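Mapping of the sequence shown onto numbering that gives the first Met the number 0: position 15 corresponds to residue 14, and the numbering continues sequentially without gaps.
Accompanying notes for the structure given below.
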Amino acid sequence: MRIEALKYRTNNLDIIIFVDFDVLSGEHTKRWSIAEIAYKKLLVNKYNFLSDTYCDDDEYYQMAPEERDLYILKKQMEFAGEDRLREALTAAWNKIKPDADKILGLK
0 MRIEALKYRT
10 NNLDIIIFVD
20 FDVLSGEHTK
30 RWSIAEIAYK
40 KLLVNKYNFL
50 SDTYCDDDEY
60 YQMAPEERDL
70 YILKKQMEFA
80 GEDRLREALT
90 AAWNKIKPDA
100 DKILGLK
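Take a look at the structure:
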């Protein structure tokens, strides 16, 4: 499930951080990840994606999958910063966390 977790504005950019939440049913494991970062200049209508900047790099395709994941995370941290990525993960969790009272019919 892809969640539009966090929208914010810097001096000259509008930024959206998307978070993926995957449940692998066979193992019943849950995985959270920063899926993508979209950005655009303030007076422009079209968003660009951070992944477009590193997916064009030939070295990227020569990396092992684990190396790619670390490379992507490094680029995301350089662009948005660790605090914003943490904020996006928390915001994504808050958007999907279950409301126990509602589920149990107490609301």
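The beta-carbon is built from N, C-alpha and C at its ideal position, and this holds for glycine as well.
Here the structure is a predicted model, which means the values were calculated and not measured.
Discussion item. Is it the case that the stretch 94-104 contacts the stretch 26-45, given that we only count it when at least three CB pairs across the two stretches are under 8 angstroms?
Written reply: no
Discussion item. Quick check on residue 107: buried or exposed, where buried means 16 or more other Cβ atoms within 10 Å of its Cβ?
Written reply: With the chain running from 0 to 106 in the structure shown, residue 107 is simply not present.
Discussion item. Any contact between the stretch 87-100 and the stretch 64-72? By contact I mean 3 or more CB pairs, one from each, below 8 angstroms.
Written reply: no
Worksheet item: Can residue 11 and residue 41 be called in contact, C-beta distance under 9 angstroms?
Response: yes
Worksheet item: Helix or strand or just coil, what does DSSP make of residue 28?
Response: strand
Practice prompt. Whole angstroms is fine: what's the gap from residue 65's alpha carbon to residue 43's?
Written response: 35 angstroms
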